[in-house]
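Asker: For any residue, its number in the numbering used here is found by taking its place in the sequence shown, counting from 1, and adding 7. Using N, Cα and C, we set each Cβ at its ideal position, and we do this for glycine too. Mind looking over this structure? Questions follow.
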Amino acid sequence: MNFCSQCGKPVTQRIPEGDARLRHVCEHCQTIHYQNPNIVAGTVPVWGEQVLLCRRAIEPRLGYWTLPAGFMENGETVEQAAVRETLEEACARVRDLNIYTLIDVPHISQVHIFYRAELIDLDFQPGIESLEVQLFDEADIPWSELAFRTVGRTLECFFADRRQQVFPVRSESVPPLTQPAK
Ligand code: ZN
């Protein structure tokens, strides 16, 4: 952040009085610009034995497969965000949502939340952010072509839990990718 969204003047970084963290502060209008994690909400859309995945038409990770998910908007619930993203990315309608994975991604200040969900019908197609939308059996999941680790983790949990027919809520975190040693 370089400029104040309130008054347009340049901002500086400092620890405000009574705070413990570095913030963007506007010395002109005194606004403290707090930045907090973003929530990404999505679904595991299920049809019988199959799961619906979308191939991304946008960066990041263009061309890779993902569960339908995206940033939560102001004024909606996490569940509403998950349903909306499923509709936007896969033109798919889902019901019977159950919260399933809550995965912290602290190094990029995000929290990813996925719901298990039942597809209402097979009337789906790629939304504007998707190249393809397809149902996959477990054996056909393109594990090496998944867009995000939280998606891979959620799918791993899902297929493992399905064998037991028990789906506990999974709270996990994803560490930063380590650079290979030189
Ligand atoms: Zn300002």
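1. What residue range does the alpha helix (DSSP H) around Thr93 cover?
2. Please determine if the region 109-119 and the region 57-73 are in contact, where contact requires at least 3 C-beta pairs separated by less than 8 Å.
3. For the candidate residues Asn105, Cys11, Asp130, Leu138, whose alpha-carbon lies nearest to that of Thr50?
4. Helix, strand or coil for Ser273? Go by DSSP, reduced to three states.
5. Mind checking Met79: buried by the 16 CB within 10 Å criterion, or exposed?
6. Please say whether Leu29 and Gln20 have beta carbons closer to each other than 8 Å?
7. Tell me the rounded alpha-carbon separation between Arg170 and Glu56.
8. Three or more beta-carbon pairs under 8 Å between the region 156-171 and the region 80-98, yes or no?
Answerer: Quick answer:
1. As a first step, residue 93 is located in the sequence shown; it is residue number 86 there, counting from the start. Unbroken alpha helix (DSSP H) run through Thr93: 85-97.
2. no
3. As a working note, residue 50 is residue 43 in the sequence shown. Considering only alpha carbons, the answer is Asn105.
4. Limits of the chain in this structure are 8 at one end and 189 at the other, which puts residue 273 out of reach.
5. Walking along the sequence shown from the start, residue 79 turns up at place 72. So Met79 counts as buried.
6. Counting from one through the sequence shown, the residue named residue 20 turns up at place 13. Counting from one through the sequence shown, the residue named residue 29 turns up at place 22. Going by C-beta atoms, Gln20 is nearer than 8 Å to Leu29.
7. Within the sequence shown, the letter at position 163 stands for residue 170. Within the sequence shown, the letter at position 49 stands for residue 56. Whole-angstrom Cα-Cα distance: 11 Å.
8. no
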